[in-house]
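Novice: Counted from 1, the sequence shown has number 150 at position 133 by the working numbering; the numbering is strictly sequential. Have a look at the structure that comes next, please.
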Amino acid sequence: MVDAGFWIGGFGLGEGIDERPALLSAIIDVLPDEKPRMISGLGLPEEILEGIDAGIDLFDSTYIYSLTLGGFALTFSLDKSGNQYKYQKSPIESDLTKINLRAKIYRKDMSPILGNCTCYTCKNHTKAYINHLFNVHEMLAQILLEIHNTHHYLTFFHVIREAIKDGRFEKFRQTFIESRRAHYEREAVCA
């Protein structure tokens, strides 16, 4: 028989990202260490890293599903050091995490979503094909995109597990978050 753990709900419903670490710490501090802790509502890469840092073991999120419905493909860097300067920048968006495959710019783009991705979608299909499928409202567009997004996010979790195992998690987390924050600050200055 498996002992039950703790489910933490109500996050991602209005609290600021700067408020979240203190809230998570207050909750985690009163929960026993030997029981697993699962949280709902956190899904962004930064939120996952902050949750793990606070002591969360499991995540329940609609992040991948919501991205896929919107036509977005995850493209953020899976660099083992956490550096987000090595990303595939979208020619039409300033977001480091994703590209919108519904956009007209991808109509003739014969490259995969990510050149180094090993998922079925990237190995067998182009951005142009997925863009076409979205434009003709073909259900296959979401299936192919969900394959890529799920693969990308599972690889992200693999990189996190490796960082934890190697004792590099804190450095990975800091580098990942700081490099993304620096990018967003540069974009705000340029705008």
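Using N, Cα and C, we set each Cβ at its ideal position, and we do this for glycine too.
(1) I need the DSSP call for Arg-190, collapsed to helix, strand or coil.
(2) Looking at Leu-161: is its Cβ nearer than 7 Å to the Cβ of His-142?
(3) So the candidates are Ile-25, Glu-64, Glu-51; which of them puts its Cα closest to the Cα of Asp-35?
(4) With distance defined between alpha-carbon atoms, name the residue in Arg-37, Asp-77, Ala-43, Leu-66 nearest to Met-55.
(5) According to DSSP, which residues form a beta bridge with Phe-93?
(6) Quick check: the segment 116-130 against the segment 87-101, are at least 3 beta-carbon pairs closer than 8 Å?
(7) Quick one: measure Cβ to Cβ for Val-176 and Lys-97, integer angstroms, because I've assumed they're closer than 8 Å.
(8) In whole angstroms, give me the CA-to-CA distance for Pro-62 and Tyr-146.
(9) Leaving out five residues on either side along the sequence, give the residues of the same chain with a beta carbon under 7 Å from the beta carbon of Asp-70.
(10) Report the rounded CA-to-CA distance for Gly-58 versus Ala-39, giving the unit in angstroms.
(11) Where does the unbroken beta strand (DSSP E) through Lys-182 begin, and where does it stop?
(12) Less than 8 Å between the CB atoms is what I'm expecting for Asn-166 and Thr-85, so what's the real figure, rounded?
(13) If I follow the unbroken alpha helix (DSSP H) through Ile-45, where does it start and stop?
(14) Helix, strand or coil: how does DSSP classify Asn-100 here?
(15) Using alpha carbons as the reference points, say which of Leu-171, Gly-31, Ile-44, Gly-33 lies closest to Phe-23.
Specialist: On the basis of the data shown:
(1) Taking the sequence shown and counting its residues from 1, one reaches residue 190 at position 173. If DSSP states are grouped into helix, strand and coil, Arg-190 belongs with the helices.
(2) Taking the sequence shown and counting its residues from 1, one reaches residue 161 at position 144. Taking the sequence shown and counting its residues from 1, one reaches residue 142 at position 125. Going by C-beta atoms, Leu-161 is nearer than 7 Å to His-142.
(3) The residue labelled residue 35 in the question sits at position 18 within the sequence shown. Looking at the Cα atoms, Glu-64 is the closest of the given residues.
(4) Translated into the one-based positions of the sequence shown, residue 55 becomes position 38. Out of Arg-37, Asp-77, Ala-43, Leu-66, Asp-77 has the C-alpha closest to the C-alpha of Met-55.
(5) In the sequence shown, the residue the question calls residue 93 occupies position 76. None; Phe-93 has no bridge partner.
(6) yes
(7) Here residue 176 corresponds to residue number 159 of the sequence shown, with the count starting at 1. Here residue 97 corresponds to residue number 80 of the sequence shown, with the count starting at 1. Val-176 to Lys-97, Cβ: 6 Å. Contact.
(8) On the sequence shown, position 45 is the one that residue 62 refers to. On the sequence shown, position 129 is the one that residue 146 refers to. Distance between the alpha carbons of Pro-62 and Tyr-146 is about 27 Å.
(9) Within the sequence shown, the letter at position 53 stands for residue 70. If we look at Asp-70 and ignore the five residues flanking it on each side, its Cβ neighbours are Arg-190.
(10) By 1-based counting over the sequence shown, the position of residue 58 is 41. By 1-based counting over the sequence shown, the position of residue 39 is 22. Distance between the alpha carbons of Gly-58 and Ala-39: 16 Å.
(11) By 1-based counting over the sequence shown, the position of residue 182 is 165. No beta strand (DSSP E) contains Lys-182, which is instead part of the alpha helix (DSSP H) from 157-182.
(12) Within the sequence shown, numbered from 1, the residue matching residue 166 stands at position 149. Within the sequence shown, numbered from 1, the residue matching residue 85 stands at position 68. Correct: roughly 6 Å between the Cβ atoms.
(13) Numbered from its first residue, the sequence shown carries residue 45 at position 28. Ile-45 -> alpha helix (DSSP H) spans 37-45.
(14) As a working mapping, residue 100 is identified with position 83 in the sequence shown. Of the three classes helix, strand and coil, the one that applies to Asn-100 here is coil, per DSSP.
(15) Looking up residue 23 in the sequence shown gives position 6. For Phe-23, the nearest C-alpha among the options comes from Ile-44.
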